[in-house]
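In my numbering, the protein residues as written are 91 to 250.
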Ligand code: SME
């Protein structure tokens, strides 16, 4: 029997936002982003791989990640892939089945769904949270709401 992977719950989301605040404290910059990806990846079972990309000119550059393996996509042009699309549009993207999305850039064979949430600073996209899930349809509107709140925290701890 295959154990089912549990998705984010509403109570868990609330609790994680509080935990994140105390874990971040006065930590800023890359150290804060490292703390965020580690906490998300370890606390939410459906978040198989968690990364934060930072905008650098016309590209997104991988800044911090946590998961079972490194990705080859450490630099993605804005506009390319689901990551680049979300950065260009300045909107959260949820893809419930990556095999059906022609924009998808593959990182891991096991990935079935993905969510990308932009991080804004004074109205501009400065980075994004990218999460890969091994299950189909792993992300709901609760994940969107939660991760948009996490992105606001990442923004307020952005520069070192
Ligand atoms: N799948 C992403 C690329 C980044 S990896 O998921 C880590 C995309 O389509 O942009």
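All residues carry an ideal CB built from backbone N, CA and C; glycine is no exception.
Tell me which residue opens and which closes the beta strand (DSSP E) that residue i is part of.
i: residue 204; result: 203 to 211
i: residue 167; result: 165 to 167
i: residue 199; result: No beta strand (DSSP E) contains residue 199, which DSSP labels as neither H nor E.
i: residue 143; result: 139 to 146
i: residue 156; result: 149 to 156
i: residue 225; result: First-last for residue 225: undefined, no H or E at that position.
Compare the Cα-Cα distances from residue i to each of the options and report the closest residue.
i: residue 203; options: 102, 136, 129, 111; result: 136
i: residue 130; options: 233, 248, 246; result: 233
i: residue 226; options: 185, 157, 161, 122; result: 185
i: residue 99; options: 133, 238, 110; result: 133
i: residue 206; options: 241, 192, 126; result: 241
i: residue 180; options: 169, 138, 190, 235; result: 169
i: residue 151; options: 217, 249, 235, 221; result: 217
i: residue 95; options: 247, 228, 236; result: 228
i: residue 166; options: 104, 158, 176; result: 176
i: residue 171; options: 182, 144, 195; result: 195
i: residue 141; options: 222, 231, 188; result: 222
i: residue 108; options: 208, 210, 188, 236; result: 236
i: residue 182; options: 162, 244, 199, 208; result: 208
i: residue 139; options: 117, 199, 239, 114; result: 199
In terms of residue numbering, what span does the alpha helix (DSSP H) encompassing residue i cover?
i: residue 245; result: 231 to 246
Minimum length 3: unbroken beta strand (DSSP E) runs contained in the segment 170 to 195: 183 to 185
Quick one: which unbroken alpha helix (DSSP H) runs of 4-plus residues sit fully inside the segment 95 to 133? Chain order, please. 100 to 114, 119 to 133
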